[in-house]
Amino acid sequence: MRLVQVLIPRGSRESVLESLDGQGVDYAVFEEVGRGDFEAMVQFPVPPSGVETVMEKLTNAGVRDDSYTIVLPTETVVSQRLSALKERFPGLRISREELHARAEDLAPANSTFFSFLILSAVIAATGLLLDSAATIIGAMVVAPLMGPAVSASVGAILADQRMATRGVVLQVTGLAAAIATAAVLGVVLQQTILIPPGVDIQAIPQVAERTSPNVLSLFLALGSGIAGAISIMRGSGSTLVGVAIAVALVPPAATSGLGIAFGLPAVAVAGAVLVVVNLLAINLSALILFYLSGFKPLDADEREGVRTSVATRIAVIGVGIAVLSLVLAGVTYASFQTASFEQQTQAELQRQFDEADIEGVELVSVTVDYRPIDYLLGNQPRVDVLVGIPRDLQAPPDLAQRFDDQLTAELGRDVVVRVGFVEAQVSDEDAELLINGDAFGLWEFTDVDGLDKFDALVDRYPELFGQFEATGERVPITLIPGNHDYERVAKDAPNEETWFQRLVTPAPGRGDDIPSRTVVRPTTESSGAAATNPSGGDATTEAPRRPVRREVYRTGRGIEDDGL
Numbered sequence: 014m015r016l017v018q019v020l021i022p023r024g025s026r027e028s029v030l031e032s033l034d035g036q037g038v039d040y041a042v043f044e045e046v047g048r049g050d051f052e053a054m055v056q057f058p059v060p061p062s063g064v065e066t067v068m069e070k071l072t073n074a075g076v077r078d079d080s081y082t083i084v085l086p087t088e089t090v091v092s093q094r095l096s097a098l099k100e101r102f103p104g105l106r107i108s109r110e111e112l113h114a115r116a117e118d119l120a121p122a123n124s125t126f127f128s129f130l131i132l133s134a135v136i137a138a139t140g141l142l143l144d145s146a147a148t149i150i151g152a153m154v155v156a157p158l159m160g161p162a163v164s165a166s167v168g169a170i171l172a173d174q175r176m177a178t179r180g181v182v183l184q185v186t187g188l189a190a191a192i193a194t195a196a197v198l199g200v201v202l203q204q205t206i207l208i209p210p211g212v213d214i215q216a217i218p219q220v221a222e223r224t225s226p227n228v229l230s231l232f233l234a235l236g237s238g239i240a241g242a243i244s245i246m247r248g249s250g251s252t253l254v255g256v257a258i259a260v261a262l263v264p265p266a267a268t269s270g271l272g273i274a275f276g277l278p279a280v281a282v283a284g285a286v287l288v289v290v291n292l293l294a295i296n297l298s299a300l301i302l303f304y305l306s307g308f309k310p311l312d313a314d315e316r317e318g319v320r321t322s323v324a325t326r327i328a329v330i331g332v333g334i335a336v337l338s339l340v341l342a343g344v345t346y347a348s349f350q351t352a353s354f355e356q357q358t359q360a361e362l363q364r365q366f367d368e369a370d371i372e373g374v375e376l377v378s379v380t381v382d383y384r385p386i387d388y389l390l391g392n393q394p395r396v397d398v399l400v401g402i403p404r405d406l407q408a409p410p411d412l413a414q415r416f417d418d419q420l421t422a423e424l425g426r427d428v429v430v431r432v433g434f435v436e437a438q439v440s441d442e443d444a445e446l447l448i449n450g451d452a453f454g455l456w457e458f459t460d461v462d463g464l465d466k467f468d469a470l471v472d473r474y475p476e477l478f479g480q481f482e483a484t485g486e487r488v489p490i491t492l493i494p495g496n497h498d499y500e501r502v503a504k505d506a507p508n509e510e511t512w513f514q515r516l517v518t519p520a521p522g523r524g525d526d527i528p529s530r531t532v533v534r535p536t537t538e539s540s541g542a543a544a545t546n547p548s549g550g551d552a553t554t555e556a557p558r559r560p561v562r563r564e565v566y567r568t569g570r571g572i573e574d575d576g577l
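Using this note's numbering, the first residue of the sequence shown is number 14, and each one after it goes up by one.
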């Protein structure tokens, strides 16, 4: 509901009140005691969809632009008469006057607009280099691009040439400034240690996503423009919709700038094309939706000119989108072809290996280097095949050419195949992993004491200990402590649980069936080592000068201790 306040010019009071009575609008009249240009103020409640209709009739009754009309949103209106008003003025969109005012508010002052847009470009470029989607989203929240996009369309619909021109200029110059900002930032960062030398930004997923635009990108822009128009007409969610509009514009602009900075014309052009097509799509969708919603200039004499102007704008923008859509369609088709080729190549090679069924030979991996730009330029795809073979099997010298011929025949496309071989070793049930001597010397790099050092190592190297656990599920692991391990354990926790017991996770039912391995390590004063074979038999090499300790530690399989 809206509360409308109108200052009635002298001589128009009777006609204004008659107009309100004729529309069935309840009102209150207050005598004007100001400078004398107005004889009264009238205020009345009306639904948002009825403001425009009521104001048109009041204009005919004598309320002109040199008067004052104030439209206020209301928090709550309590009256049984509201239902009759809503039936009289159905609809959801706001009035022409409110639309114009909101469009003006959304297009900030030039200094504010460019400040926020440059900051958004800096954040977006940083997020692209970091491959951080969250950072890029943060840049979208800052970007003030919704205002100019909406104001350009509103100005065209309501015959406000100044607003329309300013909206277009802000969009074009703003995005050009965003591209330049990202380019300058990229050049500066290359002179610092913040990014590694020789970094390939095309390999960064967030950048690659915007250097291969396809037709789906057009749907994003069209949807963003429609959402922006609806949010303004209905008066809800404009901030979040502004983020959607910025998503379609700022990241591609930052990508184009980084392409310039890193000397990659293909990246710069791809990002720029995506920016232009998204910009046109956003303006086209907003322009069409405002026009179809029935907004038109207040002056009836301007309506025919606006109709012609809007039709011309739609035609020009549509042609531009159609031309650029050919590029998007080409990239979309090329992306589909390269993805299909990669899938078919992997399936074909796997089929050949399955049919050959050679014992000990396995297909380790297949990597296809074939990008949409390669397809468009007619470059041959490159296929890297990694094959695992037993040590006693001779690798065929012509395997790469055989793969090449077979893939060319099956897929109908010339390829370049490179084959690499690795020695394949597969453990059997009797396999065992031995970790020999001073296994946890890494404790020297911790700054805690006692058994907490082991926990610190686990926290610092989760991949290492995670691999221990994974391997321990398949084969037994024997940990042989070294003299430095003994020294540190004796010093840190001589009468407590040892570090190695922290690593042990006994497996139920596994213990006696695992062959024992007894390891003897001397203390620091010992000059020799002694070992006793668990099955009997003396294996002593040199008698130690002090008693020695014999232990076996099995990660994931339990622990055995032969005592002193």
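No residue lacks a Cβ here, since even glycine has one placed at the ideal position from N, Cα and C. Just so it is clear, the structure is predicted and the values come from calculations on it, not from any experiment.
For the candidate residues the options, whose alpha-carbon lies nearest to that of residue i?
i	options	result
residue 288	482, 262, 273, 300	262
residue 177	168, 106, 307	168
residue 300	363, 171, 191, 189	171
residue 86	111, 388, 420, 98	111
residue 283	325, 331, 230	230
residue 51	64, 69, 25, 41	25
residue 144	213, 191, 82	213
residue 40	15, 141, 193	15
residue 436	368, 336, 376	376
residue 155	385, 126, 345	126
residue 421	393, 447, 400, 411	393
residue 353	293, 385, 378, 322	385
residue 596	326, 482, 368, 343	Limits of the chain in this structure are 14 at one end and 577 at the other, which puts residue 596 out of reach.
residue 265	133, 427, 448, 246	133
residue 329	297, 99, 341, 445	297
Establish whether the CB of residue i and some CB of chain C are separated by less than 8 Å.
i	result
residue 389	Among the chains in the structure shown there is no chain C, since it carries only a single protein chain.
What are the residues that DSSP puts in a beta bridge with residue i?
i	result
residue 375	401
residue 445	Answer is none; residue 445 lacks a bridge partner.
residue 380	397
residue 43	54
Quick check on the DSSP output: the beta strand (DSSP E) that includes residue i runs from which residue to which?
i	result
residue 490	490-493
residue 433	429-436
residue 86	82-86
residue 54	51-59
residue 16	15-22
Among residues of its own chain, excluding the 5 on either side of residue i, which ones have a beta-carbon nearer than 6 Å to its beta-carbon?
i	result
residue 255	159
residue 509	Residue confidence for residue 509 is low, a pLDDT of 43 falling below 50, so the modelled location carries little weight and cannot support an answer.
residue 280	224, 272
residue 486	none
residue 434	400, 402, 408
residue 471	478
residue 461	469
residue 333	293
residue 27	none
residue 235	294, 298
residue 448	492
Residues in the same chain with beta-carbon distance under 7 Å from residue i, minus the five sequence neighbours each way, listed in chain order, please.
i	result
residue 62	102, 103, 104, 105, 106
residue 59	15, 17, 38, 67, 98, 102
residue 413	430, 431, 432
residue 303	166, 167, 170, 242
Would you kindly report the start and end of the unbroken alpha helix (DSSP H) that includes residue i?
i	result
residue 358	316-369
residue 181	174-203
residue 161	159-170
residue 487	No alpha helix (DSSP H) contains residue 487, which DSSP labels as neither H nor E.
residue 278	278-305
residue 66	64-73
residue 125	123-143
residue 112	109-119
residue 388	385-390
residue 99	95-101
residue 275	Premise fails: residue 275 is in no alpha helix (DSSP H) and is neither H nor E.
residue 148	146-155
residue 469	465-473
residue 26	26-35
residue 416	412-424
residue 219	218-224
Ordered along the chain, which non-local residues of its own chain (more than five positions away) have a Cβ less than 8 Å from that of residue i?
i	result
residue 31	74
residue 21	29, 45, 51, 52, 53, 54, 55, 75, 76, 80
residue 151	136, 140
Compute the minimum distance between the beta carbon of residue i and the heavy atoms of the ligand NAP, and state whether it is under 7 Å.
i	result
residue 197	Of the ligands one can find in the structure shown there are none, so the ligand NAP has no counterpart to examine.
* To do: Please list the segments of the alpha helix (DSSP H) lying wholly inside the segment 230-271, counting only runs of 4 or more residues, in order along the chain.
  => Listed in chain order, the complete alpha helix (DSSP H) runs (minimum 4 residues) inside the segment 230-271 are 251-260.
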